[in-house]
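Undergrad:
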Amino acid sequence: MNTGISYSHKRLKLKTRQNLFGWACLIPAVILIVAMSFYPMFKALILSFRTGIGAKMTWAGVNNYVRMFQDNVFMQALKNNFIYLIIQVPIMLILALVLACMLNDRNLRFKGLFRTAIFLPCATSLVSYAIIFRSLFAIDGFINVMLIKLGIFKTGYNFLAFPNSARAVIIIALIWRWTGYNMVFYLAGLQNIEYTIYEAAKIDGASSFQSFWKITVPLLKPTILLTAIMSTNGTLQLFDESVNLTNGGPANATITMSHYIYNMSFKYVPNFGYAAAMSYLILILVAILAFIQMKVGDKRD
Amino acid sequence: MFCAATNMSVDVIRGKLIPGTALLYNFKNLLTAQNVSGAMINSFKYSVTLTLISLCICSLAGYGFEIFHDKAKDTVMSILLLAMMVPFAATMIPLFQMFSKAGLLNSTIGFILPTISTPFLIMLFRQSARSFPHDIIEAARIDGLNELQIFYRMFIPTMRSTYAAAMTITFMNAWNNYLWPKVIMTNDQSITMPMLVANLTEGYVTDYGMLMLGVLLCTIPTIIIFFILQKSFAEGITGAVK
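Listed in order, the protein sequences are those of chains A and B.
Residues 839 to 1139 (the numbering used here) make up the first sequence, in order.
Residues 69 to 310 (the numbering used here) make up the second sequence, in order.
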């Protein structure tokens, strides 16, 4: 009896000790995230209501937020971000999904080679690929040379000098860079779908399009949701491409919000308050879009 | 294949602009124009330190969240996941102010601190710890290992592929990071490779041969890491999403 009690007492102590160890595991990570994400977020909120330079910051109320909507460059940046988002994200995700399904086919040969080829762009540095795309689409670049040789154009077309074609180049570059990344997530998800389901569907006379639409898409929905949220988030925070591919130009026609925020806080006369207000708009937009996507994702369940 | 084609055209451009013999000439130019070796060393220093520390802290957290999970820890996890949605632009300015006050500009610590602990990595490790059998832990406890020993003697070796995946992702992100180093690295001695490459395009005349060589040098390390860890990378990600 006595030993039993002391045993359970000891066990309890052991449990507490394990629990404490569990908490100890988390603490460094949690402290870092709080200090490096949540605390700066809070500070940015306060900052966004202030204006001025350095120590001479004064209270500005909602002025920064009002100014934002009267700022043509910012509205242009906002519009650009949404153009990229609406055109690029769906194309990329569908492409990634189709490629993942093709790679998941058991009869495909050289699977590893294709997978590597598609994923490889993700290994290239963001700055590098932006610069490569810029030289590809330059007036004497590879694309123009090819187009002239094929007889489509007589002289080189300066893709980066016109707003729409410059945006198109950014979108193509983004699709090239990120399709493979999303595909890896789909491939991982597809591993979990039993192959027999497809065989059964085939016997029942389903076409490959039907089995894609009726089996793959619904079963991969959690993964699709995850990639959609990540891509939305990434597109709204686009920076490297805007800076290095087009440098925001021609005349701010391709600038993104992050790029403008960077310019506003570190390149022009620093205005941290205004920049913080703009960054808060991004935060709010990301939150709203993620919320909508989650709602839509849940409804179809 | 769209991607294979674009990959090839990268080679075409490079082949066109460096006709073989100009390589050494470009290399010399690059070395005199920019502090390449310095940037390379910086990039490696920052990325490797970040990857090592980040893996230790995030895997420990993921392990803690999953193996010792209870309601309180699950709540903490979902709060941390919120941090995933915070755009970097929103925290950039306060972080810059904090770091410049603390004198961390141009330092390795300044580079790594904001990205050591990321919810994405913690989630990756948490998901893969789910497949780590509890029996092993019990057995190890009976054999007299303490909790920390179980973590580094049992968990780390079994989760090797997850570590490989996490390592690839963290190293690539660290190496390719451009916005943050651009913000905090204010002197020429501490710039990273991506910044150096971007600098090459500034000015009126761009030497494309030199530029492409820079691009190449900047891409090689991540490609090498990717090829070495490729197989375990696919496994690790698969294990994590399951």
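For every residue, glycine included, the Cβ atom is placed at its ideal position computed from N, Cα and C.
Helix, strand or coil for ARG947(A) per DSSP?
TA: Translated into positions along the first sequence, residue 947(A) becomes position 109. DSSP places ARG947(A) in coil when its eight states are reduced to three.
Undergrad: I'd like to know whether the C-beta of ILE977(A) is nearer than 7 Å to at least one C-beta of chain B.
TA: Residue 977(A) sits at position 139 when you count from the first residue of the first sequence. Chain B, which has no Cβ nearer than 7 Å to the Cβ of ILE977(A), makes this no.
Undergrad: How would you label ALA170(B), buried or exposed, when you count the other beta carbons within 10 angstroms and need 16 or more for buried?
TA: Working through the second sequence from its first residue, we reach residue 170(B) at position 102. The residue is exposed, with fewer than 16 neighbouring Cβ atoms inside 10 Å.
Undergrad: Count the other CB atoms within 10 Å of the CB of HIS350(B); is the residue buried (16 or more) or exposed (fewer)?
TA: No answer is possible for residue 350(B): it lies beyond the span of chain B, which begins at 69 and ends at 310.
Undergrad: Just tell me which of LEU120(B), ILE135(B) and SER111(B) has its CA closest to the CA of ILE218(B).
TA: For this step, residue 218(B) is matched to residue 150 along the second sequence. Nearest option by C-alpha distance: ILE135(B).
Undergrad: Does THR74(B) get closer than 7 Å to chain A when you measure Cβ to Cβ?
TA: Numbered from 1 along the second sequence, position 6 holds the residue referred to as residue 74(B). Legend: pLDDT at THR74(B) = 38, less than 50; position of this residue unreliable, value from coordinates given subsequently. Yes - at least one Cβ of chain A is within 7 Å of the one on THR74(B).
Undergrad: Find the nearest neighbour of SER175(B) within the set LYS113(B), SER105(B), PHE301(B) and LEU264(B), judged by alpha-carbon distance.
TA: Sequence index remark: in the second sequence, residue 175(B) carries index 107 (1-based). Per the Cα distances, LYS113(B).
Undergrad: Compare the beta carbon distance of ALA234(B) and LEU123(B) with 7 Å and say whether it is the shorter of the two.
TA: Locating residue 234(B) in the second sequence gives position 166, counting from the first residue. Locating residue 123(B) in the second sequence gives position 55, counting from the first residue. Cβ atoms of ALA234(B) and LEU123(B): closer than 7 Å.
Undergrad: Using a Cβ cut-off of 9 Å, pull out every chain A residue sitting near TRP243(B), in sequence order please.
TA: Sequence index remark: in the second sequence, residue 243(B) carries index 175 (1-based). Result: SER963.
Undergrad: So which residues of chain A does ILE109(B) contact, with C-beta pairs closer than 7 Å?
TA: Working through the second sequence from its first residue, we reach residue 109(B) at position 41. Chain A residues near ILE109(B): none, gap ~17 Å exceeds 7 Å.
Undergrad: Identify the contact partners of ASN857(A) in chain B, using a Cβ-Cβ distance below 7 Å as the criterion.
TA: As a position in the first sequence, residue 857(A) is number 19, starting the count at 1. Going along chain B in sequence order, the residues near ASN857(A) (Cβ under 7 Å) are PHE136.
Undergrad: By the three-class DSSP mapping on this structure, what secondary structure does ARG209(B) have?
TA: Within the second sequence, residue 209(B) is the residue found at index 141, counting from 1. It is helical.
Undergrad: Using a threshold of 7 Å, state whether the C-beta atoms of ILE1120(A) and LEU1074(A) are closer than that.
TA: The residue you call residue 1120(A) lines up with position 282 of the first sequence. The residue you call residue 1074(A) lines up with position 236 of the first sequence. Yes. Within cutoff.
Undergrad: Short of 9 Å Cβ to Cβ, which residues in the region 154 to 171 of chain B face chain A?
TA: Those would be VAL154, PRO155, PHE156, ALA157, ALA158, THR159, MET160, ILE161, PRO162, LEU163, PHE164, GLN165 and MET166, in chain order.
Undergrad: Could you name the residues of chain B that GLN1131(A) contacts, counting a contact when the two beta carbons are closer than 8 Å?
TA: Translated into the one-based positions of the first sequence, residue 1131(A) becomes position 293. Simply none; closest approach about 11 Å.
Undergrad: On a CA-only basis, which of LEU941(A), ALA1115(A) and LEU923(A) is nearest VAL900(A)? Give me that one, please.
TA: In the first sequence, counting from the first residue as 1, residue 900(A) sits at position 62. Selected option, being the one with the closest Cα: ALA1115(A).
Undergrad: Tell me where the alpha helix (DSSP H) around THR143(B) begins and ends.
TA: One-based indexing of the second sequence puts residue 143(B) at position 75. First-last of the alpha helix (DSSP H) with THR143(B): 139 to 150.
Undergrad: Of the residues that make up the region 205 to 224 of chain B, which ones have a beta carbon closer than 7 Å to any beta carbon in chain A?
TA: So the close ones are GLU215.
Undergrad: Give the interface partners of TYR131(B) over in chain A, defined as CB-CB distance under 8 Å, in chain order.
TA: Indexing the second sequence from 1 puts residue 131(B) at position 63. What TYR131(B) touches in chain A: CYS863.
Undergrad: For TRP1051(A), report the span of its alpha helix (DSSP H) as first-last.
TA: In the first sequence, residue 1051(A) corresponds to position 213, counting from 1. No alpha helix (DSSP H) contains TRP1051(A), which DSSP labels as neither H nor E.
Undergrad: Cβ closer than 8 Å: which chain B residues qualify as neighbours of MET906(A)?
TA: As a first step, residue 906(A) must be located in the first sequence, where it is residue number 68. Those within 8 Å of MET906(A) in chain B number zero; the least Cβ separation is about 14 Å.
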